[in-house]
Every structure is written in structure tokens, then in C-alpha cells.
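Written out below as C-alpha cells is the structure these notes cover.
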Amino acid sequence: MSLPLLEHLHGHLGVLAVALLFHPAILLWQGQPLSRGGRWAIYATLAMITCAFVLGLWIYPPYRDLVRHDLTLMNPEAALLFETKEHLAWGALAAALGGSLAALLAPRTAVGIRRIAARAFACAALLGLAVGLLGIHIASIHTFS
Numbered sequence: 540m541s542l543p544l545l546e547h548l549h550g551h552l553g554v555l556a557v558a559l560l561f562h563p564a565i566l567l568w569q570g571q572p573l574s575r576g577g578r579w580a581i582y583a584t585l586a587m588i589t590c591a592f593v594l595g596l597w598i599y600p601p602y603r604d605l606v607r608h609d610l611t612l613m614n615p616e617a618a619l620l621f622e623t624k625e626h627l628a629w630g631a632l633a634a635a636l637g638g639s640l641a642a643l644l645a646p647r648t649a650v651g652i653r654r655i656a657a658r659a660f661a662c663a664a665l666l667g668l669a670v671g672l673l674g675i676h677i678a679s680i681h682t683f684s
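The working numbering applies: residue 540 is where the sequence shown begins, and numbers increase by one.
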């Protein structure tokens with residue numbers, strides 16, 4: 540597969556992951572126990588963000604070899620924003636994983652833990668949104684430079 544195609548796939552999976560991250564945040568906000576469907580929603584959300592993240596890791600070596608040097612020369616600020624994007628993506632994945640573990644392992648009576656899980660998912664969604672916006676900004680700089 541070509542690098543541009545994989546980049547587009549990575550971006551689309553990331554957008555879907557961000558959309559899915561908002562669902563458990565809303566679902567768990569009141570601290571209600573998860574239904575079977577709610578558990579599956581969390582599994583799907585975690586799977587989607589993991590797929591987007593792993594694809595990003597997979598395309599990183601070609602990016603580093605083919606794009607990063609030129610981007611650094613043409614626009615050092617954009618290159619630094621890309622580094623920031625990478626760090627925020629790690630944070631989104633960590634928050635989603637923490638929220639998933641808290642939500643799935645919380646006892647039925649642990650309302651507070653599910654509320655914390657909701658906030659972890661909200662944090663992951665907002666970090667993912669920032670990652671996506673940075674990705675779009677960087678891609679537009681690289682495309683039109």
C-alpha cells in the first residue's frame with residue numbers, strides 16, 4: 540500500500556475513534572452500571588483507537604524517512620507540531636485504556652469509579668480531537684508547501 544493511502548486510512552480511523560470516545564464518556568457520566576451493550580461499546584472504542592494508533596506507528600518509519608526531513612526544513616513549527624501530535628496521541632490512548640479498565644472492572648456499586656472512567660474517556664476524546672486537528676493542519680502545510 541502507498542504511504543498517502545495509509546495516511547488517509549490512519550486519519551479516518553482516528554476520526555472514528557474520536558467519535559467513539561465520546562460515547563462511553565456520555566454513557567458513564569452518571570455512574571450507572573454498564574449494560575452488555577455498553578461493555579461492547581467500550582470494547583469497540585478501545586479497538587478503534589488502538590487500530591488508529593497502531594497504524595500511526597506502522598506508517599511512522601516511512602514518514603520519518605520521506606517526509607519529516609523536508610517538513611523540518613520547510614516549516615520547523617509544523618515539524619514540532621507533529622511531535623506534539625505524537626505525544627497527545629499517546630495521552631489519548633493511555634486515557635482510553637485507563638477509562639476502559641476502570642469502567643469494565645468497576646464493581647456494580649462503584650458509581651465514583653465509573654464517573655472517573657467517563658472523565659478519562661472525555662479526556663481521551665478531547666486529546667484525540669486535538670490530535671486530529673493538528674494532523675489536518677500539518678497535512679495542509681505539507682501538501683501546500
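We put the CB at the ideal spot given by N, CA and C, even for glycine. No experiment lies behind these values; they were computed from the predicted model shown.
Would you say residue i and residue j are within 8 Å of each other, going by their C-beta atoms?
i: V593; j: L668; result: no
i: L666; j: A617; result: no
i: M587; j: L559; result: yes
i: A634; j: A656; result: no
i: P563; j: G638; result: yes
i: P600; j: L542; result: no
i: L627; j: H676; result: no
i: G651; j: G576; result: no
i: A664; j: F561; result: yes
Taking the alpha carbon of residue i as the point to measure from, which residue in the options has its own alpha carbon closest?
i: A649; options: L567, S541 and L552; result: L567
i: R653; options: G674, F621, L640 and A663; result: L640
i: A661; options: T584, P543, H626 and I680; result: T584
i: P615; options: G570, I680, L542 and I655; result: I680
i: M540; options: W597, G637, L620 and A678; result: W597
i: A623; options: F561, S574 and V670; result: Here residue 623 is Thr; the residue named in the question, Ala, does not match the sequence. For the residues F561, S574 and V670, the minimum Cα distance to T623 belongs to V670.
Quick check on residue i: does DSSP put it in helix, strand or coil?
i: P646; result: coil
i: M540; result: coil
i: L548; result: helix
i: S574; result: coil
i: W579; result: helix
i: W568; result: coil
With a threshold of 8 Å between beta carbons, is residue i in contact with chain C?
i: R658; result: The structure shown has no chain C; it contains just one protein chain.
Practice item. Could you tell me whether the region 581 to 592 touches the region 543 to 563, using the rule of 3 or more Cβ pairs below 8 Å? Key: They touch, by the three-pair rule.
Exercise for review: May I ask you to verify whether the region 542 to 549 touches the region 638 to 652, counting CB pairs closer than 8 Å and requiring at least 3?
Suggested key: Between the region 542 to 549 and the region 638 to 652, the count of C-beta pairs closer than 8 Å stays below three; the two stretches do not touch.
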